[in-house]
Every structure is written in structure tokens, then in C-alpha cells.
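When we follow the working numbering, the leftmost residue of the sequence shown carries the number 1, and every step to the right adds one.
Structure first, commentary second.
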Amino acid sequence: MDHECFVQTLEHLHKVSYSSMENKILLIMDNAECHMSIHAAEYAIQHGIVIVTLPPHTTAKLQPLDVSVFGPFKSVLRSIQDDFKLSNTHVPITEHMLPEMACKAWDKVCNVTNITNGFRATGIFPVNRNIFPDDAFAGAEVTEQAPPDDDDDLPQTLAAPLTPSSLEPDQPQPGPSGIGRMSPAFFASAASTPEAAPQPRQTPTPTASSPPILDVTPEAVQPYPKAPPRPAARGRKKIRACILTEDEEALDQLREKEKKESSQRGEEAEVGDFVLVQLVFKGKRSEELVHFVAKVISLEEDGRLQLDFLRIKSPLLKDTFHFPAIGDVDSVDRSRVLGVLTVSTGTTQRQANLIKVLPPLRDFNMH
Numbered sequence: 001m002d003h004e005c006f007v008q009t010l011e012h013l014h015k016v017s018y019s020s021m022e023n024k025i026l027l028i029m030d031n032a033e034c035h036m037s038i039h040a041a042e043y044a045i046q047h048g049i050v051i052v053t054l055p056p057h058t059t060a061k062l063q064p065l066d067v068s069v070f071g072p073f074k075s076v077l078r079s080i081q082d083d084f085k086l087s088n089t090h091v092p093i094t095e096h097m098l099p100e101m102a103c104k105a106w107d108k109v110c111n112v113t114n115i116t117n118g119f120r121a122t123g124i125f126p127v128n129r130n131i132f133p134d135d136a137f138a139g140a141e142v143t144e145q146a147p148p149d150d151d152d153d154l155p156q157t158l159a160a161p162l163t164p165s166s167l168e169p170d171q172p173q174p175g176p177s178g179i180g181r182m183s184p185a186f187f188a189s190a191a192s193t194p195e196a197a198p199q200p201r202q203t204p205t206p207t208a209s210s211p212p213i214l215d216v217t218p219e220a221v222q223p224y225p226k227a228p229p230r231p232a233a234r235g236r237k238k239i240r241a242c243i244l245t246e247d248e249e250a251l252d253q254l255r256e257k258e259k260k261e262s263s264q265r266g267e268e269a270e271v272g273d274f275v276l277v278q279l280v281f282k283g284k285r286s287e288e289l290v291h292f293v294a295k296v297i298s299l300e301e302d303g304r305l306q307l308d309f310l311r312i313k314s315p316l317l318k319d320t321f322h323f324p325a326i327g328d329v330d331s332v333d334r335s336r337v338l339g340v341l342t343v344s345t346g347t348t349q350r351q352a353n354l355i356k357v358l359p360p361l362r363d364f365n366m367h
């Protein structure tokens, strides 16, 4: 899957769902690199497709089809393969057997019941904010890192400042553990009795310099083991969940990214090169992305390219192009150039006008 294939996926989704600005549909997906393109976002906006991206590493819990279709599909396929191995111990499973096994597994799991159960199991419809219990997040505590301002993980009893009241010794209480902890009032009352009481041993009075008695827990002495923070090997921007078709900040980032990449692709093109150009064809009801092969004639001062457009020889052969009888020359912005192509010309006089592209452009809507 790449940017172009995802745009074609949106075109197919638009055709089968009849989405429009008056009849919008919701598309829930992960924020994979192939999904995050400005061309896909603009196509979705124009055709009433609301794209919602999920937070990173949550598709196993939040993406309905991953929960109720693709997950069971893998389990059923594995079960079919195990049954085959038990029945045919001497026959290995080859790639030619996988399509038949995959079709059997797909027919068992891909049905309306499983699809609707996926939306229910993820809490999307009907809406259930408490679909996941607290213990479902227990595994994340191992790698959870404290905020940068939180340098002290000790309990409040250790972090609390010492005050004069906290330095005062505890009042001793009489008990069976010995006379040394009895109060002077107790001995004064005992001296008034006829029987002579032994003199108590004098204990030193605690001073303010004596250390306080603190309640230290085992966790404070040796905290629970936690994974160390991962080193930032790449300066990749953090990806967040958003409504892609309505988040202006995310759209601006995609436009800036596309502009940067397209400028790099356009700068590589030189006079005489053959390039792949992407244009937007505006029809009566919708817009369509079309692709052409063109030859660079000149580089204009404003950064645009003067191109001579070719035509595809046959819709079935997406690797052979020719120059039309009437030249089609136009000026195109560098951002429309997808890349420089590797081409070869015909070896005979009859094929001298034919341009063959390597490899064939089968994944593009060539004209």
C-alpha cells in the first residue's frame, strides 16, 4: 500500500457507498504513512468521506475489522493449515495452496455479524466509553515514564519537610515492656504509696538534632522495575489521533510535507528527462487523479517545467507511450512531478516514436 493505492481505495469506497457532502460516511483507520497524504485527504473532503485516525499502537483494540475479522481470519487460517498438516504429513504447504486456504478462512469470518460485532467490541457503536477495564492498561505501566518535572518518586512521607512538631518525641506510655518508658507522673503517684518503688533510670531527652522516625515503605527503598526510556534515534514527529479531514493543523503539515517532497522530485528533473506527472481531472460530478508521461523541454525561471506530454499506446500496455501527431506542450508546477522515469526507445524506424517505460506503470491511472 502506498499513497496512490490508498487514493484508489478511496475512489472505490466512494463508488460503492455513494458518499457525498450531503451523505457523509465515516472511515476509521490507523495513521500509517501510506494513509497520510494531502491528495487522499483532499479527495476525502470533496467526496464526503470523514477520516478519523486512531492513536498509535491501538488498532488491535480500537479498529473494528482488526478485532472481529482480521484477527479471527488469522486464527481460522492457522487452524486450516494445522488440519492439513495432520492429514498430509508428507506434503508441505506451498504458496500455491494458500489462496484456497485463505478463501475458506475468509468465507467463515467475513460476514455481517462479525463486522457489526467489531464495532460493538471496540465501543464505537453503540458508544461505550468504559468498554475496556482498568486491567487492560496494566501492561503499559512498565514502560510509562514520569513527566520531566517529576524527579522524585518517593512517597509523601519522605518528601515532606521537617517541622518542629515532627521532631518532638512521642509521649511514652506505661506498659509491660519495662519501667524505662513510664512517664514521671506515673512514678510520682507510685512514690505516694507505702511500698517503696525503685527509682527509674533516667533517659536522655531527645533534642532537635535527633533524626525523626519516618515511615519508609519497601517501594521507596527499591522501586518496582520499569523499562528505561528509549533513546531518540530519529527525530520523528509524534503522531496523534485526529479527524484528518477536519484538522487544519494536520492538513497544513501534510501540505508542507508534500510540497517539500515534490520540490525534491522536481529538482531532480533536467531538460530531456521523461517524468511522471499527476494532474487532477475535474468532471461534472467528481474529480479524478490522472497521470501522464511527459518530456522536459525547458526549466522556467519561476520554477515551473515546460513539458511535452505523451499518450499511452494502449490501456492494456501501460509501459508504451508515443508523442501525439499534434504536440501537447504545457507548463506544469514542479509539485505535480512524481519522479523521473527510466525509458527506452524503439530500435527500428517503425518503433522510433515509441517510448517504453521501465518498469510498467500499472498502479497509475495513465492517459
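Just so it is clear, CB atoms sit at the ideal spot from N, CA and C, and this is done for glycine as well.
Residue environment, Glu-4, which counts as buried when at least 16 other CB atoms sit within 10 Å: buried
Collapsed DSSP secondary structure at Cys-242 in the structure displayed: In this structure, Cys-242 counts as strand in the three-state DSSP scheme.
Alpha carbon of Pro-228 to alpha carbon of Phe-125, nearest angstrom: 38 Å
Touch test, the stretch 272 to 280 against the stretch 252 to 260, Cβ-Cβ under 8 Å, three pairs minimum: no
Candidates Val-76, Leu-289, Pro-360 and Val-127: closest to Pro-377 by CA position: Given a span of 1 to 367 for the chain in the structure shown, any question on residue 377 remains unanswerable.
Contacting residues, own chain, Cβ-Cβ under 8 Å from Val-277 (five flanking each side not counted): His-291, Phe-292, Val-293, Ala-294, Leu-307, Phe-309, Val-332, Arg-336, Val-337 and Leu-338
For Gly-339, the three-state DSSP class (helix, strand or coil): strand
Leu-371 to Ile-297 span [Cα, whole Å]: Past the boundaries of the shown model lies residue 371; the chain is included only from 1 to 367, so the question cannot be answered.
From Gly-327, Trp-106, Ser-314 and Asn-353, residue whose alpha carbon lies closest to that of Asn-365: Ser-314
Cα-Cα separation, Val-16 to Met-36: Between Val-16 and Met-36, the C-alpha separation is close to 22 Å.
At least three beta-carbon pairs within less than 8 Å, the stretch 63 to 81 to the stretch 110 to 125: The stretch 63 to 81 is in contact with the stretch 110 to 125.
Buried/exposed call for Lys-318, threshold 16 Cβ in 10 Å: buried
Sequence-distant residues of the same chain with beta carbon closer than 6 Å to Gly-178, five excluded per side: Its pLDDT being 46, under 50, Gly-178 is placed unreliably in this model, and the value from its coordinates should be taken loosely. Result list for Gly-178: empty, nothing under 6 Å.
Thr-122 - containing alpha helix (DSSP H), residue span: Note, Thr-122: premise wrong, no alpha helix (DSSP H); not H, not E.
Counted within 10 angstroms of its Cβ, other Cβ atoms place Ile-93 as buried (16 or more) or exposed: exposed
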